[in-house]
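These notes are about the structure you will find just below.
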Amino acid sequence: MKYFFLSDGWKVGRVWGVGGEWTAAGWRRQPDIQQLKLSLLDRNEKMWLYRVEDAVLMVEVKPCAPPDPADPAKNIGSVTLTRLIDAEQVLERLGTIATRCEIENPQLM
3 MKYFFLSDGW KVGRVWGVGG EWTAAGWRRQ PDIQQLKLSL LDRNEKMWLY
53 RVEDAVLMVE VKPCAPPDPA DPAKNIGSVT LTRLIDAEQV LERLGTIATR
103 CEIENPQLM
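3 is the number of the first residue of the sequence shown in the working numbering; add one for each residue after it.
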């Protein structure tokens, strides 16, 4: 599995695998991308942890809000994440002093 953090207010767009852009027709299914119930707060920005299958190489993310015509300098169309991280890197990030980890609806094991 691979992982990435995504800020509140952003969503997943296109996805790329080994053969190029992921298509449901080519793979006969959608890519396995799940938002986990774990987030961190870094400089007042809440970022959710997402898990993706190993076949995913890159993920395009874009803001949920429509562009603001009053301030075009702040508008971002999309960003492509090319360096997805592994579980060890997630733990390193969660363990940094500058972040606060939050688990939503924790369940007893």
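Even glycine gets a Cβ: it sits at the ideal position worked out from N, Cα and C.
Chain-order list of residues whose beta-carbon lies under 6 Å from that of residue i (same chain, five-residue window excluded)
i	result
LEU86	LYS4, PHE6
Residue i versus residue j - alpha carbon distance
i	j	result
VAL31	VAL17	Checking the sequence shown, residue 31 turns out to be Arg, not Val. If you take the alpha carbons of ARG31 and VAL17, they lie about 12 Å apart.
GLN37	TRP50	7 Å
ASP34	GLU55	6 Å
ARG95	SER41	11 Å
LEU83	GLN91	15 Å
PRO69	ALA26	28 Å
ASP88	TRP29	23 Å
CB contact flag (residue i, residue j, <9 Å)
i	j	result
TYR52	LEU93	no
ALA57	GLY19	yes
GLU47	ASP10	yes
Per-residue DSSP class, three states only, for residue i
i	result
LEU86	coil
PRO74	helix
ARG95	helix
ASP56	coil
CYS103	strand
Neighbourhood of residue i by C-beta, 8 Å cutoff - its chain only, sequence neighbours within 5 removed
i	result
LYS64	TRP12, LYS13, GLY15, ILE78, GLY79, SER80, VAL81
ASN107	LYS39
ALA75	none
ASP73	none
Interface flag, residue i vs chain D, CB-CB below 9 Å
i	result
LEU83	Among the chains in the structure shown there is no chain D, since it carries only a single protein chain.
Spatial neighbours of residue i in its chain, beta-carbon cut-off 7 Å, leaving aside the 5 residues before and after
i	result
LEU59	TRP18, GLY19, VAL20
Next on the checklist: Suppose only complete runs of 4+ residues qualify. What are the alpha helix (DSSP H) ranges in the stretch 3–35, listed by chain order?
Outcome noted: 26–29
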